[in-house]
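Novice: In my numbering, the protein residues as written are 1098 to 1239.
Built from N, CA and C at the ideal position, the CB exists for glycine as well.
It should be emphasised that the depicted structure is a prediction, and the values quoted were computed from it without experimental measurement.
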Amino acid sequence: MGTTQATTARDTTSTYEIVFDGGALGNPGKGYGSYEITANSQVVRHQREDYGDNVTNNQAEYQTLIEALKWLAMNLGASASSTRVVVNGDSLLVLNQLLGKWKVKNEGLRPLHQEASQLIRKFHNVALIWHARSNSVKRLGH
1098 MGTTQATTAR DTTSTYEIVF DGGALGNPGK GYGSYEITAN SQVVRHQRED YGDNVTNNQA
1158 EYQTLIEALK WLAMNLGASA SSTRVVVNGD SLLVLNQLLG KWKVKNEGLR PLHQEASQLI
1218 RKFHNVALIW HARSNSVKRL GH
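1. Compare the beta carbon distance of Val1152 and Gly1186 with 8 Å and say whether it is the shorter of the two.
2. At what residues does the alpha helix (DSSP H) containing Trp1168 begin and finish?
3. Excluding the five sequence neighbours on either side, which residues of its own chain have a C-beta within less than 7 Å of the C-beta of Tyr1132, listed in chain order?
4. In chain order, what residues of the same chain lie with their CB nearer than 6 Å to the CB of Val1234, ignoring the 5 residues before and after it?
5. Among Ser1188, Gly1205, Lys1219 and Arg1218, which has the Cα closest to the Cα of Gly1120?
6. Please return the same chain residues whose Cβ sits closer than 6 Å to the Cβ of Ala1230, not counting the five positions on each side in sequence.
7. Quick one: is Asn1154 buried, meaning 16 or more other Cβ sit within 10 Å of its Cβ, or exposed?
Quick look at the structure:
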């Protein structure tokens, strides 16, 4: 006789990883960023972005994470709400502000913080994890 196995929420939740890094040449200066999205250790997307002039390093960090979250949410559609996302980055400021550990004091970062927070809420669960800069360089090249 066969057995039936109940499906739990954990069984149906997909997991994606985002590695992001942003910067500015001049700070403020020409802003740029890169992100990589993986699922099951397979690269789904590797993207470089340019943000124009007069961008700070922190603005570029936020903008890069926002672009990655937007792309993933758009491509997952309704299934985003059952998706777990592990975000890895080397920006203590961005990660700690999104975790609510640090206040967002800079007026220029408030709208970016708000947008990133709204995007995070589209997913079932998001883990925000700091890693050493060398990990960003290894994965993204900068």
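Specialist: If we stick to the structure as given:
1. As a working note, residue 1152 is residue 55 in the sequence shown. As a working note, residue 1186 is residue 89 in the sequence shown. Not a contact, by the Cβ cut-off of 8 Å.
2. By one-based count along the sequence shown, residue 1168 stands at place 71. Taken as a continuous stretch (DSSP letters only), the alpha helix (DSSP H) holding Trp1168 covers Asn1154 to Leu1173.
3. In the sequence shown, the residue the question calls residue 1132 occupies position 35. Once the five neighbours on either side are set aside, the close Cβ partners of Tyr1132 are Ile1115, Val1116, Phe1117, Gln1144, Thr1161, Glu1164 and Ala1165.
4. Position 137 of the sequence shown, counted from the first residue, corresponds to residue 1234. There are no such residues.
5. What you label residue 1120 is simply residue 23 of the sequence shown in a count that begins at 1. Of Ser1188, Gly1205, Lys1219 and Arg1218, the residue nearest in Cα terms is Ser1188.
6. In the sequence shown, residue 1230 corresponds to position 133, counting from 1. Note on residue identity: the sequence assigns Arg, not Ala, to residue 1230. Around Arg1230: Asp1187.
7. Taking the first residue of the sequence shown as 1, we reach residue 1154 at position 57. Label assigned to Asn1154: buried.
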